[in-house]
Each structure stands twice: as structure tokens, then as C-alpha cells.
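Numbering (the numbering used here), first residue to last: 12 to 211.
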């Protein structure tokens, strides 16, 4: 593992300022941070699915759909800092709606029924999603930490919130709610940036 200055541990979610020693990057992908070898080992079962050596994929090949890079440019999300420009609650809502859009796409195009489609609580799946988001450190604003993650989880299940992980959505719902015909594409691009593959 190689040292890094900011962020938080991908496993225990402790931020750098909470730790006595410097966070270390995964030696293979150099993208995911850990506070200890124990945390790195504990996360390997999940991390191995997204861990790729630096420079292993290039823009013309790999897991992304052919239109992904064009969609990134078209939506203005190529820099990966879209969430940095938003207020805290907007970040929570966009993460929730990105998750919901992805769940719907996986159901519609892949036939994968998630918790919401089975009438079950979606929190475990959402926590796994947030784990992936946190591995893409540059996507999240600098204020993100374990407390903000908890606030996002709490916001995601508030009955009064339109952006609720336990309510299924469709593309038309996203367009209508945000009054933005491009919003489904923006959320899908964000989803591809998080998952490293997608349904565009």
C-alpha cells in the first residue's frame, strides 16, 4: 500500500484526520484508500471486482458502453467533479437517484430484480453502492466523511423525500421531477463513473 493525504478508509470509513497514521492506497489500482492492512483484507472480497491496475483500461476499450465517453462530454460530466458543485442535500439526492436509476436499468435491461422490486428494504444495496462511490474518491466533494455518509443514508429513506431508495423510478419520473430531459443520462453517466460499466 502506498501513502495518501486525504479521503477516508474504504472499509471503516474513518477520515484521514481521525487516524494517527496516513491512509494507504491499494498497491494494485492506487485508487482505493485503507487505514490498515486489516481493513484492506476485509474489503478484498468486494474490492477485487473493481480493482484494476493503473492504466489497465483505455477509453477505446473496456467495460463501458460505446457511447459512454461521448455522453460524458455531452453532459459535462467528463471532469468527474459534478457532485463538487452541489449543495449537500443535492449531493444526497443525486446519489440516491443515481442508485435508483441504476437499479431500474439493471431490472429493465438485465432482468436483475433488486430489493425494491422484491418489496424489500434497499438499504443494504444502497450501502454497497455508497462503498463503490467512496472508492472513486474524486467523485465526492471534499466535505464527504463518515457522518455525511450516515446523513445520506438517513435522507435516502425519509418518507417525505422524493429521492427515496425504497421507491422505484423510471426515466420519465426523473425527467419530470428535475425538469431536465438530460437528467437520466447524467445519472447514468455518474453511475458508469461509479460502477465502471453501465447501460448507456
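No residue lacks a Cβ here, since even glycine has one placed at the ideal position from N, Cα and C. Please read all numbers here as calculations on a predicted model, not as lab measurements.
task = Would you check if the distance between the CB atom of residue 200 and the CB atom of residue 86 is smaller than 7 angstroms?
result = In the chain shown, counting from the first residue as 1, residue 200 sits at position 189. In the chain shown, counting from the first residue as 1, residue 86 sits at position 75. Cβ distance < 7 angstroms, so residue 200 and residue 86 count as in contact.
inquiry  = Run through the DSSP bridge pairs and tell me what residue 125 is partnered with.
reply    = Start at 1 with the first residue of the chain shown, and residue 125 comes out as number 114. Residue 125 is not bridged to any residue.
inquiry  = As an exercise, report each continuous beta strand (DSSP E) stretch of at least 3 residues that is fully enclosed by the segment 121–173, in chain order.
reply    = none
query = Between the segment 37–56 and the segment 154–167, do at least 3 Cβ pairs fall closer than 8 angstroms?
reply = no
query = Grouping DSSP H, G and I as helix and E and B as strand, with all else coil, what is residue 182?
reply = Numbered from its first residue, the chain shown carries residue 182 at position 171. Note: residue 182 maps to helix in three-state DSSP.
ask   = Based on the DSSP secondary-structure assignment, which residues constitute the bridge partners of residue 118?
value = Indexing the chain shown from 1 puts residue 118 at position 107. Its beta-bridge partners do not exist; DSSP assigns none.
query = Assuming residue 174 contacts residue 107 under a Cβ cut-off of 8 angstroms, what Cβ separation, rounded to an integer in Å, is found between them?
reply = Reading the chain shown from its first residue, position 163 is the one you call residue 174. Reading the chain shown from its first residue, position 96 is the one you call residue 107. Their Cβ separation, rounded to whole angstroms, is 4 angstroms, which keeps residue 174 and residue 107 in contact under 8 angstroms.
message = On the criterion of 16 or more Cβ atoms from any shown chain inside 10 Å, does residue 202 qualify as buried, or is it exposed?
response = By one-based count along the chain shown, residue 202 stands at place 191. Answer is buried; the Cβ neighbour count reaches 16.
ask   = How should residue 154 be labelled, buried or exposed, when 16 other C-beta atoms within 10 angstroms of its C-beta is the threshold for buried?
value = The residue given as residue 154 occupies position 143 in the chain shown. Burial call: exposed.
task = To the nearest angstrom, report how far apart residue 140 and residue 110 are at their CA atoms.
result = Counting from 1 along the chain shown, the entry for residue 140 is found at position 129. Counting from 1 along the chain shown, the entry for residue 110 is found at position 99. Taking C-alpha positions only, residue 140 is separated from residue 110 by approximately 7 angstroms.
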